[in-house]
Amino acid sequence: MSFVCKDKNPAERVLGKITCREFLAYFKTPVYKAEDTLPLFGFPLSRNWNEINAFINNENLTRNENFGYVTNELKTITEKYMDAKYRVNKGFYIVAIKKPLSFADDWSFSMYSRKKLVKEFFKDGVAVVRIYRVEPGDEK
1 MSFVCKDKNP
11 AERVLGKITC
21 REFLAYFKTP
31 VYKAEDTLPL
41 FGFPLSRNWN
51 EINAFINNEN
61 LTRNENFGYV
71 TNELKTITEK
81 YMDAKYRVNK
91 GFYIVAIKKP
101 LSFADDWSFS
111 MYSRKKLVKE
121 FFKDGVAVVR
131 IYRVEPGDEK
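Numbering follows full-length UniProt numbering, in which position 32 of the sequence shown is assigned residue number 32; successive positions increment by one, without gaps.
Written out as structure tokens, the structure is:
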């Protein structure tokens, strides 16, 4: 970072201090090239998304269905991992994440009274993911 006097006259140093009435701070910005990449963004918590995706894919294949999913986690995160479509009709799975990165911290999904728990993932003996199944017609 460098400082430049805003006045017409260059800054004078008096006892190590700049004597300008006003000065501007200039920051050097990095030079980017085409081969540069963006910084990586990582998740410190394991959410088991690869395992969740494998489970739902296996259920859809075994049952010859095309169920979607809904979750309390950020949709943009889940779409990177999931093959199933994000939807809440025609039968779907609820993927409830304990302490998600979104603001939706309720992982009970109480609005779906006919959901059935089909799978849980644990970390250190504590459930961190619950997967529920909602049959077609039970969406309400």
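Yeah, the Cβ is synthetic: ideal placement off N, Cα and C, and Gly gets one too.
N-terminal and C-terminal residue of the beta strand (DSSP E) that residue i is part of
{"i": "Ala-96", "result": "92-97"}
{"i": "Val-118", "result": "116-123"}
Residue i in three-state terms, based on DSSP
{"i": "Arg-133", "result": "strand"}
{"i": "Phe-55", "result": "helix"}
{"i": "Thr-29", "result": "coil"}
{"i": "Glu-73", "result": "coil"}
{"i": "Leu-101", "result": "coil"}
{"i": "Tyr-86", "result": "strand"}
Buried or exposed by the 16-neighbour rule on C-beta atoms within 10 Å, applied to residue i
{"i": "Phe-103", "result": "exposed"}
{"i": "Asn-48", "result": "buried"}
{"i": "Val-31", "result": "exposed"}
{"i": "Ala-54", "result": "exposed"}
{"i": "Pro-100", "result": "buried"}
{"i": "Asn-64", "result": "exposed"}
{"i": "Thr-62", "result": "exposed"}
{"i": "Thr-78", "result": "buried"}
Nearest candidate by alpha-carbon position, reference residue i, set the options
{"i": "Val-70", "options": "Lys-90, Pro-30 and Gly-125", "result": "Lys-90"}
{"i": "Ile-52", "options": "Tyr-112, Lys-115 and Lys-80", "result": "Lys-80"}
{"i": "Lys-116", "options": "Ile-94, Asp-124 and Gly-125", "result": "Ile-94"}
{"i": "Ala-96", "options": "Asn-57, Ser-110 and Glu-139", "result": "Ser-110"}
{"i": "Arg-114", "options": "Glu-139, Gly-125, Thr-29 and Lys-123", "result": "Glu-139"}
Nonlocal neighbours in the same chain, by C-beta distance under 6 angstroms from residue i, ignoring five residues either side
{"i": "Val-118", "result": "Ile-131 and Arg-133"}
{"i": "Asn-57", "result": "Asp-83"}
Same chain, Cβ closer than 8 angstroms to residue i, five either side skipped, listed in chain order
{"i": "Glu-120", "result": "Ala-127, Val-129, Arg-130 and Ile-131"}
{"i": "Asn-50", "result": "Tyr-81"}
{"i": "Asn-60", "result": "Asn-66, Phe-67 and Ala-84"}
{"i": "Asp-124", "result": "none"}
Sequence-distant residues of its chain with Cβ nearer than 7 angstroms to residue i (five each side left out)
{"i": "Phe-92", "result": "Phe-67, Gly-68, Tyr-69, Val-70 and Val-134"}
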